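K.L.:
Going left to right, the sequence shown walks through residues 70 to 321 as our numbering numbers them.
For glycine and all other residues, C-beta sits at the position ideal for the given N, C-alpha and C.
Treat the numbers as computed from the prediction; the structure is a model and nothing was measured.
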Amino acid sequence: MKDRFNYLDTDFPIAFAHRGGALDAPENSMEAFQSAINIGYKYLETDVHLTKDGHVIAFHDDVLDRVTNLSGKICVTPLSTIKSALIDGKSEIPLLKELLSEFPTARFNIDPKDDRVAEPLADAIKDTASVSRICVSSFSDRRNQNISRIVGNNLCMGVGPSGVARIRVGKFTKNSSVLNGQCVQVPVSMKGVPLITETFIKRVHSLGKVIHAWTINEPDEMRRLLDLGVDGIMTDKPQVLKDVLIHRNEWA
């Protein structure tokens, strides 16, 4: 199944720079993404929100407060104000289209953070002819379905939470609509319950899908998950993951 999608047409395991490498540079900033690209990363992970006036920005939180010098909800803030907010007091919040333009060969894993951004995100993907280098994965089944419906079947998608739950308990059929998507992107555990296990990985692979683990920052845990058979890892520490993969002769 994965060979249908250009996004997954690469050597595994995939190394993802989570928010560009959130512990090495201001998260979701142009500087973070550039830093990851500079050390050889081909896959960048980011999040998107919609501003009050309809612009898709690369940002994780629904408020500016945690990582910028301003405060307030993004959904009620116009782009002109957003652009005056500085991540860690020094980096501008980028538009998604700016990232796609600045890094034309990079592949992006995008997490749409609310329902309002789904259609504008889909339009941005189509407008920039970026379908082949994007995977969209959300915590909302409805959001995933809306984006896939607008963009079409050539867009690589993550399996939504309903599908992940079915895989975890082993109650699924291959043609179930909740399993739509090519990537299962999950944490090691959820609410204290182990999720990425050898059995879970085998179930994912039996469906012809790939599994990506997030967010992994410790080298021993990276090695353990790679030994288990995950197909990719998202990390806030891009250099650490690169070093682990080089040592295993698995750096693409």
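(1) For the segment 148-162 against the segment 173-193, are there 3 or more C-beta pairs whose distance is under 8 angstroms?
(2) Taking the C-alpha atoms as reference points, what is the distance between Gly109 and Thr79?
(3) Can you give me the C-alpha to C-alpha distance between Thr304 and Asn138, rounded to a whole angstrom?
(4) Please report how far the alpha carbon of Leu113 lies from the alpha carbon of Ala175, in whole angstroms.
(5) Verify whether the separation of the beta carbon atoms of Thr146 and Lys166 is less than 8 angstroms.
(6) Leaving out five residues on either side along the sequence, give the residues of the same chain with a beta carbon under 8 angstroms from the beta carbon of Lys152.
(7) Going by DSSP, which residues form a beta bridge with Tyr112?
(8) Applying the 10 Å Cβ sphere with the 16-neighbour rule, what's the burial state of Ile315?
(9) Under 8 angstroms Cβ to Cβ from Pro256, same chain only, skipping five residues before and after it: list those, please.
(10) Taking the alpha carbon of Ala127 as the reference point, which residue from Asn107, Ile106, Pro181 has its own alpha carbon closest?
(11) First and last residue of the alpha helix (DSSP H) that includes Gly232?
(12) So which of Ser275, Cys204, Arg272 has the shortest CA-CA distance to Cys225?
(13) With a threshold of 16 other CB atoms inside 10 Å of the CB of Asp300, please say whether the residue is buried or exposed.
(14) For Asp116, which residues of its own chain have a beta-carbon under 8 angstroms away from its beta-carbon, when the five flanking residues on both sides are left out?
(15) Helix, strand or coil: which one does DSSP assign to Glu161?
(16) Cα-Cα, which of His274, Val233, Ser246, Gly239 is closest to Met259?
(17) In the DSSP assignment, find the alpha helix (DSSP H) that holds His274 and state where it starts and stops.
(18) Within a Cβ cutoff of 7 angstroms, which residues of the same chain sit near Gly239, ignoring the five residues on either side of it in sequence?
(19) With a threshold of 7 angstroms on Cβ separation, who are the neighbours of Pro189 within its own chain once the five nearest residues in sequence on each side are excluded?
(20) With respect to the alpha helix (DSSP H) encompassing Ala282, which residues constitute its N-terminal and C-terminal limits?
(21) Express the C-alpha separation of Ser207 and Lys111 in angstroms, rounding to a whole number.
(22) Please list the terminal residues of the continuous beta strand (DSSP E) segment that includes Pro95.
(23) Buried or exposed: Ala321, going by 16 or more other Cβ atoms within 10 Å of its Cβ?
(24) Please confirm whether Ser140 and Asp134 have their CB atoms less than 8 angstroms apart.
P.N.:
Here's the rundown:
(1) no
(2) Translated into the one-based positions of the sequence shown, residue 109 becomes position 40. Translated into the one-based positions of the sequence shown, residue 79 becomes position 10. Going by the C-alpha atoms only, they are around 14 angstroms apart.
(3) Numbered from 1 along the sequence shown, position 235 holds the residue referred to as residue 304. Numbered from 1 along the sequence shown, position 69 holds the residue referred to as residue 138. Spanning the two alpha carbons is a distance of roughly 25 angstroms.
(4) Stepping through the sequence shown from its first residue, residue 113 is reached at position 44. Stepping through the sequence shown from its first residue, residue 175 is reached at position 106. Those two C-alpha atoms are separated by around 7 angstroms.
(5) Residue numbering aside, residue 146 sits at position 77 when the sequence shown is read from its first letter. Residue numbering aside, residue 166 sits at position 97 when the sequence shown is read from its first letter. The criterion of a C-beta distance shorter than 8 angstroms is not satisfied by Thr146 and Lys166.
(6) Taking the sequence shown and counting its residues from 1, the one referred to as residue 152 is at position 83. Closer than 8 angstroms at Cβ, skipping near neighbours: Glu161, Ile162.
(7) Residue mapping note: residue 112 aligns to position 43 of the sequence shown, counting from 1. DSSP lists Phe85, Arg176 as partners of Tyr112.
(8) If you number the sequence shown from 1, residue 315 lands on position 246. Looking at its Cβ environment, which holds fewer than 16 other Cβ atoms inside 10 Å, Ile315 is exposed.
(9) Taking the sequence shown and counting its residues from 1, one reaches residue 256 at position 187. Apart from the 5 residues on each side of it in sequence, Pro256 sits with its Cβ closer than 8 angstroms to the Cβ of Leu264, Ile265, Ala282, Trp283, Thr284 in its chain, given in chain order.
(10) Locating residue 127 in the sequence shown gives position 58, counting from the first residue. Residue Pro181 holds the alpha-carbon nearest to the alpha-carbon of Ala127 among Asn107, Ile106, Pro181.
(11) In the sequence shown, counting from the first residue as 1, residue 232 sits at position 163. Looking at the DSSP string, the run of the alpha helix (DSSP H) that includes Gly232 is 230-238.
(12) Counting from 1 along the sequence shown, the entry for residue 225 is found at position 156. Comparing Cα-Cα distances from Cys225 to each of Ser275, Cys204, Arg272, the minimum goes to Cys204.
(13) Here residue 300 is taken as the residue at index 231 of the sequence shown, counted from 1. It is buried - the Cβ of Asp300 has at least 16 other Cβ atoms within 10 Å.
(14) Counted from its first residue, the sequence shown places residue 116 at position 47. Cβ within range, chain order: Arg88, Asn97, Ala127, Phe128, His129, Ile179, Asp180, Pro181, Lys182.
(15) Indexing the sequence shown from 1 puts residue 161 at position 92. DSSP places Glu161 in strand when its eight states are reduced to three.
(16) Residue 259 sits at position 190 when you count from the first residue of the sequence shown. Of the listed residues, the one whose Cα sits closest to Met259 is Val233.
(17) Walking along the sequence shown from the start, residue 274 turns up at place 205. 267-275 is the span of the alpha helix (DSSP H), which, as asked, contains His274.
(18) Within the sequence shown, residue 239 is the residue found at index 170, counting from 1. Arg272.
(19) On the sequence shown, residue 189 is found 120 positions in, with the first residue counted as 1. Excluding sequence neighbours, Pro189 sits near Leu119, Gly123, Val125.
(20) For the purposes of this step, residue 282 is taken as the residue at position 213 of the sequence shown. Counting along the chain, Ala282 falls outside any alpha helix (DSSP H), though it belongs to the beta strand (DSSP E) covering 279-283.
(21) Within the sequence shown, the letter at position 42 stands for residue 111. Within the sequence shown, the letter at position 138 stands for residue 207. Ser207 has its alpha-carbon roughly 21 angstroms from the corresponding atom of Lys111.
(22) The count along the sequence shown starts at 1 and reaches residue 95 at position 26. Where Pro95 is concerned, there is no enclosing beta strand (DSSP E), given that its DSSP letter is neither H nor E.
(23) For this step, residue 321 is matched to residue 252 along the sequence shown. Flag for Ala321 reads exposed.
(24) Your numbering for residue 140 matches position 71 in the sequence shown. Your numbering for residue 134 matches position 65 in the sequence shown. Yes, they are a contact pair.
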